[in-house]
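Student: Using the UniProt record's numbering, the first residue of the sequence shown is number 1, and each one after it goes up by one.
Just so you know, even glycine gets a beta-carbon here, dropped at the ideal spot from N, CA and C.
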Amino acid sequence: MLKGIKLRLYPNRTQQNQLEQMFGNDRFVWNQMLAMMNERYQNNKALPFLGKFKLNYLLKPLKKEYPFFENQRFFKLAGS
């Protein structure tokens with residue numbers, strides 16, 4: 001039998017800002033990786049798709065390129 005738990009979070013203003021920044025960064029990483037994969041596919045349809053493990057290697061250069069990732073923890077970006 002599976003059970004679920006419902007709960008509500010009531011973050012304060014600083015926690016709301018942190019959550020908004022975290023979700024915004026996750027969305028940005030997702031869109032960057034998706035654009036890269038689409039461009040890679042358009043250039044050469046025979047190339048295999050990259051998995052999550054290989055895409056994680058691209059996060060370090062992405063973090064250096066965009067300074068707003070400095071406040072974001074690296075392991076959280078790897079999960080997006």
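(1) For Lys63, name the three-state secondary structure that DSSP assigns.
(2) Inspect the beta-carbon positions of Asn17 and Gln72 and report whether they are closer than 8 Å.
(3) Does the beta-carbon distance from Leu2 to Val29 come in below 8 Å?
(4) Do Met33 and Leu55 count as a contact pair if the criterion is CB distance below 8 Å?
(5) Check whether the Cβ atoms of Leu58 and Met37 lie closer than 8 Å to each other.
(6) Suppose you measure from the CA of Leu4 to the CA of Tyr41; what does that come to, to the nearest Å?
Tutor: The structure says:
(1) If DSSP states are grouped into helix, strand and coil, Lys63 belongs with the helices.
(2) No.
(3) No, Cβ-Cβ distance for Leu2 and Val29 is not below 8 Å.
(4) Closer than 8 Å, so yes.
(5) Going by beta carbons, Leu58 and Met37 fall outside the 8 Å limit.
(6) Looking at the sequence shown, residue 4 is not Leu but Gly. Straight through space, the alpha carbons of Tyr41 and Gly4 are spaced by roughly 40 Å.
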